[in-house]
Every structure is written in structure tokens, then in C-alpha cells.
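All remarks here apply to the structure that follows.
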């Protein structure tokens with residue numbers, strides 16, 4: 001009888017299935033943590049806009065026919081509140097018509113508010129404004145969506161962790177029982193495989209004193 005090696009084929013099938021499920025859960029939890037890190041990074045990128053929102057700044061309504069005046073008012077507000085150029089650019093771009101946003105985003109963050117005003121004037125002279133400006137999700141809504149996604153992922157991860165911990169405990173108990181059976185079998189001089197499968201065992205772990213119940217006879221015999 002061939003001696004079995006220390007590999008998954010030698011493990012009790014039920015234990016192997018539980019072990020595979022445990023590993024799959026750990027992989028799923030790892031992927032979920034990576035996804036959470038992605039959304040946390042997105043929230044961190046939005047920090048300048050969030051900081052600006054917390055100042056409770058009220059920007060004047062944007063009027064398509066007087067963009068220069070609007071930018072002048074915005075610049076005055078940014079000076080009073082000591083808001084960085086980057087933060088103000090982000091905030092005001094969210095309030096411009098979509099066609100103006102796309103063009104202004106190509107300019108450097110170092111571009112002054114006055115320069116942006118002149119650029120916006122030229123854009124609106126060339127591109128006729130739509131009768132109804134397309135609604136854009138305000139920064140606070142985008143932030144709320146990211147936070148909701150993080151909350152959902154956190155709840156799912158908590159559920160997976162509970163399931164994985166229970167499976168790990170069950171797996172540990174099963175392994176303990178399996179080791180106890182193996183130790184008892186070894187004390188009786190019989191390996192785990194012959195104790196469980198008898199003559200049908202396809203592996204044997206030495207030392208093993210198992211004796212087959214029936215010995216095959218020699219078909220040729222002695223003449």
C-alpha cells in the first residue's frame with residue numbers, strides 16, 4: 001500500500017471544503033478592504049471642497065449675461081474668508097454651466113479668479129448657453145454618496161467577519177476532533193485512512209498495523 005503524503009488529498013473532504021470556504025472568505029474580505037481604501041482616498045481628494053463647504057460660504061447666483069460681475073463678487077468673498085485659490089476654483093466650477101466647466105478644468109490651479117472670469121466671458125460669447133442649464137450634483141451630494149458607499153461596505157465587511165470567525169471556530173473544532181481520532185487510531189496501531197475506509201483505503205500513514213480482512217489468493221497457485 002502506498003504511503004500518503006502531507007497534502008490536501010490526505011485531508012478529510014469535509015475539512016478540506018471548510019478550509020477552502022474559509023480561504024475564499026478571507027480573499028473576499030481583502031478585496032472589500034481594498035475597495036474601502038479606494039473610496040476613502042476619493043473622500044480625501046475632496047477635502048478642499050469639504051473644507052470650503054464647512055465655512056458656510058454663500059456664493060451669489062450665477063448669471064449667464066454677467067459672468068465678469070459674478071467672478072468679481074466671488075473673488076471678494078474668497079479674500080474675506082481667506083480661501084485658497086484651489087478651493088475657490090473647485091467650488092465655483094461646480095456652479096458654472098457644464099460647457100464652461102469642461103474648458104476651465106483644463107487651466108492650471110494657479111490661474112487667478114480674474115483670469116478665470118475673462119476666460120468664462122469668452123467661452124459664453126462663443127458657446128451659446130442652453131435654455132436650461134444642466135443640473136450638476138453639488139459637492140455635498142457627491143460627498144454624501146461616497147460616505148453612503150463606505151457605510152454599505154463597512155456593514156458588509158462586518159457581516160463577512162462574523163461569518164468567517166464562526167467558520168474558523170468550527171474548522172478549529174473539526175481539526176481538533178480529527179487529530180483526536182488520529183491519535184486514538186495511532187494508539188491502536190491503525191492509521192486514520194485504514195480506520196475510516198478499511199480495505200477501501202487508498203493511502204496509508206506508517207506506522208500502521210492494519211490487516212486486510214480478506215487476502216487475495218494467487219490465481220496461478222503452485223504446481
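Numbering (full-length UniProt numbering), first residue to last: 1 to 223.
Note that beta-carbon positions come from the ideal geometry of N, C-alpha and C, so glycine has one too.
What you are looking at is a predicted structure, and each value in this text was computed from that prediction instead of being measured.
Query: Backbone CA spacing between residue 15 and residue 169 [nearest angstrom]; Result: 12 Å
Query: Burial state of residue 201, where buried means 16 or more other Cβ atoms lie within 10 Å; Result: buried
Query: Sequence-distant residues of its chain with Cβ nearer than 8 Å to residue 28 (five each side left out); Result: 160
Query: Distance between residue 149 and residue 197 (C-alpha atoms, nearest Å); Result: 51 Å
Query: CB-CB length for residue 164 against residue 22, believed under 8 Å; Result: 7 Å
Query: Residue burial classification, residue 190 (beta-carbon count within 10 angstroms, cutoff 16); Result: buried
Query: Nearest residue (CA-CA) to residue 234, options 33, 208 and 203; Result: The chain is shown from 1 up to 223; residue 234 falls before or after that span and cannot be answered.
Query: Separation of residue 26 from residue 195, as counted between CA atoms; Result: 33 Å
Query: C-beta atoms of residue 171 and residue 18 nearer than 8 Å; Result: yes
Query: Cβ shell of residue 157 (< 8 Å), same chain only, five flanking positions each side left out; Result: 29, 32, 33 and 36
Query: Inter-residue spacing [alpha-carbon to alpha-carbon] between residue 20 and residue 166; Result: 14 Å
Query: Whole-Å CB distance - residue 203 paired with residue 193, under 8 Å assumed; Result: 5 Å
Query: Option in 144, 208 and 162 with minimal Cα separation from residue 42; Result: 144
Query: Per-residue DSSP class, three states only, for residue 213; Result: coil
Query: DSSP three-state assignment for residue 198, whether helix, strand or coil; Result: helix
Query: Assigned exposure category for residue 199 - 16 Cβ within 10 Å defines buried; Result: exposed
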